[in-house]
């Protein structure tokens, strides 16, 4: 039997930036316009934020699509081992599908909001693929860059120490990190908003803090933390505390 | 006398990203191709890194150029008040020139390596202009995103705390920050390489550290810190320590 070795297709983690179609890099824009296969994560029952963002680019070229729908896991707490097991199986299945496409010689572009290697779901596919497949990554503008840009104030000066924190982390650790920083970014806040606010107050940073919702998107909104009256924040919210370092 | 009020031109701080022409955002690329006036910082006696980067884009359109040459200040230590005074006068002069262009109705694009609000010289013009002029900012891909992308390893997972430090900072403060972080970026290392290395060793992070020189540029190079034998680093070097957070 004559077996022809098929050349593996490239797998590309494509940073889309913060959520405006013209904040994709020129490289990402070009790759996407030439794409034959795209893959993206989405919540069940939604079109997916990444897919929605790139609609103006791919409408004409209509690549093959692979939607990776996060399993519903809200009934299992993050601390339960079954939570990790569910997600692990999910990433394994996504990886198999993408690997099969690559084995068949197709290039696959994986859409990544923000920057692929910065708190991205793509990384879970990357670690499963990189030993056996040609995986490339295109960096993107992060959501935090869009957030501090939206505040209209420079973020870091001179020797400022900047720290990036998750609202989901332990408050004791958050407080320690806040106290050692000059400039602060807090992401994944959601239902942890009250404890994050308490930490900022305790660290003496609440007065300088800004809330940016949907940075760079059509519904972008910026508030001072001290003016914000709601008890909750939309998921796409970032808290920004600007550095105050030396400036001539 | 009939005085016609001239409409002020826009002043745009344009993030160019880490140093590859196709890592400009689509928005930055478009604005630059339509530019009538550009301004950029450079070291005396050089063409300027930002200007060199965008040459392929502006060669045909040939906008008016304003090169802002940093005053030679190496003979004055940073701690000397005259250092700040020299730089302050320099930024004042640059601001006056750009303000005059805007007053004459010209749009001016200020080229910014990386992201304009992230440790950028542009911020010194911004603070002098923003009260009286229509200043806009286009975020860019940061040099640190390009650096961790170059290492081929994801940067931050789950609840990882990421900290951004300058090699120029006090070692005691650096050590404290290193100990409270999961993922680390160190920039502006240059002649502080030895003290930075000592801090990383003391914090137990040296074995996990990578050095990235000229990230995203043609001469990009990546080393493990433990394999790097030179006593100095090129100016465009970033040290990366990846987070190790939870992953399913």
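Residue numbers (the working numbering), protein chains in the order written: chain A, 1 to 248; chain B, 249 to 496.
Using N, Cα and C, we set each Cβ at its ideal position, and we do this for glycine too.
All values derive from a computational prediction rather than experimental measurement.
Simplified DSSP assignment, three categories, for residue i
i, result
"residue 37 of chain A", "strand"
"residue 481 of chain B", "coil"
"residue 2 of chain A", "Because residue 2 of chain A sits at a pLDDT of 47, beneath the cut-off of 50, its placement in the model cannot be relied upon, and the following sentence gives the value as read from the coordinates. Residue 2 of chain A: coil per DSSP, three-state reduction."
"residue 400 of chain B", "coil"
"residue 146 of chain A", "helix"
"residue 117 of chain A", "coil"
"residue 76 of chain A", "coil"
"residue 472 of chain B", "strand"
"residue 162 of chain A", "strand"
"residue 359 of chain B", "strand"
"residue 290 of chain B", "strand"
"residue 203 of chain A", "coil"
"residue 17 of chain A", "strand"
"residue 104 of chain A", "coil"
"residue 201 of chain B", "Residue 201 of chain B lies beyond the stretch modelled for chain B, which goes from 249 to 496, so this question has no answer here."
"residue 130 of chain A", "coil"
"residue 486 of chain B", "strand"
"residue 169 of chain A", "coil"
"residue 389 of chain B", "coil"
"residue 183 of chain A", "strand"
"residue 248 of chain A", "coil"
"residue 319 of chain B", "coil"
"residue 332 of chain B", "helix"
Cutoff 6 angstroms; reference residue i; Cβ partners in own chain excluding five residues on either side
i, result
"residue 148 of chain A", "155, 240"
"residue 247 of chain A", "157"
"residue 289 of chain B", "316, 369"
"residue 228 of chain A", "211"
"residue 471 of chain B", "459"
"residue 336 of chain B", "none"
"residue 481 of chain B", "437, 441"
"residue 208 of chain A", "241"
Residue i to residue j span [Cα, whole Å]
i, j, result
"residue 121 of chain A", "residue 68 of chain A", "11 angstroms"
"residue 479 of chain B", "residue 157 of chain A", "27 angstroms"
"residue 57 of chain A", "residue 144 of chain A", "24 angstroms"
"residue 325 of chain B", "residue 331 of chain B", "7 angstroms"
"residue 192 of chain B", "residue 279 of chain B", "Here chain B has residues from 249 to 496 only, and residue 192 of chain B is not among them."
"residue 266 of chain B", "residue 75 of chain A", "42 angstroms"
"residue 275 of chain B", "residue 258 of chain B", "15 angstroms"
"residue 43 of chain A", "residue 66 of chain A", "13 angstroms"
"residue 328 of chain B", "residue 338 of chain B", "16 angstroms"
"residue 419 of chain B", "residue 180 of chain A", "13 angstroms"
"residue 453 of chain B", "residue 421 of chain B", "16 angstroms"
"residue 399 of chain B", "residue 34 of chain A", "26 angstroms"
"residue 135 of chain A", "residue 351 of chain B", "50 angstroms"
"residue 146 of chain A", "residue 216 of chain A", "6 angstroms"
"residue 401 of chain B", "residue 260 of chain B", "34 angstroms"
"residue 184 of chain A", "residue 164 of chain A", "6 angstroms"
"residue 458 of chain B", "residue 448 of chain B", "11 angstroms"
"residue 116 of chain A", "residue 109 of chain A", "12 angstroms"
"residue 168 of chain A", "residue 342 of chain B", "44 angstroms"
"residue 381 of chain B", "residue 371 of chain B", "14 angstroms"
"residue 293 of chain B", "residue 299 of chain B", "13 angstroms"
"residue 461 of chain B", "residue 318 of chain B", "23 angstroms"
"residue 245 of chain A", "residue 219 of chain A", "31 angstroms"
"residue 61 of chain A", "residue 14 of chain A", "17 angstroms"
"residue 490 of chain B", "residue 366 of chain B", "20 angstroms"
"residue 55 of chain A", "residue 86 of chain A", "30 angstroms"
"residue 250 of chain B", "residue 29 of chain A", "Confidence in residue 250 of chain B is poor, its pLDDT being 47 and thus under 50, which makes the residue's placement unreliable; the coordinate value appears in the next sentence. Their Cα atoms are separated by approximately 49 angstroms."
"residue 161 of chain A", "residue 59 of chain A", "43 angstroms"
Sequence-distant residues of the same chain with beta carbon closer than 7 angstroms to residue i, five excluded per side
i, result
"residue 450 of chain B", "423"
"residue 49 of chain A", "113"
"residue 301 of chain B", "264, 267, 269"
"residue 36 of chain A", "63, 64, 106, 107"
"residue 443 of chain B", "419"
"residue 177 of chain A", "163, 165"
Spatial neighbours of residue i in its chain, beta-carbon cut-off 8 angstroms, leaving aside the 5 residues before and after
i, result
"residue 7 of chain A", "105"
"residue 251 of chain A", "Lying before the first or after the last residue shown, residue 251 of chain A is absent from chain A, which here runs from 1 to 248."
Closer than 7 angstroms: residue i CB and nearest the ligand GDP heavy atom
i, result
"residue 409 of chain B", "This structure does not include the ligand GDP; it has no bound ligands of any sort."
Identified DSSP bridge partners for residue i
i, result
"residue 136 of chain A", "A:12"
"residue 193 of chain A", "According to DSSP, which records beta bridges pairwise, residue 193 of chain A is partnered with nothing at all."
"residue 25 of chain A", "B:273"
"residue 305 of chain B", "BP columns for residue 305 of chain B are empty, so no partner."
"residue 314 of chain B", "B:287"
"residue 295 of chain B", "None, per the DSSP bridge assignment."
"residue 209 of chain A", "A:241"
Check your understanding: Would the segment 483-491 of chain B and the segment 433-442 of chain B be scored as touching if the rule is three or more Cβ pairs under 8 angstroms?
Key -> yes
Practice item. Count the C-beta pairs between the segment 12-28 of chain A and the segment 129-145 of chain A that are closer than 8 angstroms, then say yes if the count reaches three, no if not. Key: yes
Check your understanding: Is there contact between the segment 376-386 of chain B and the segment 336-351 of chain B, where contact requires at least three CB pairs shorter than 8 angstroms?
Key -> yes
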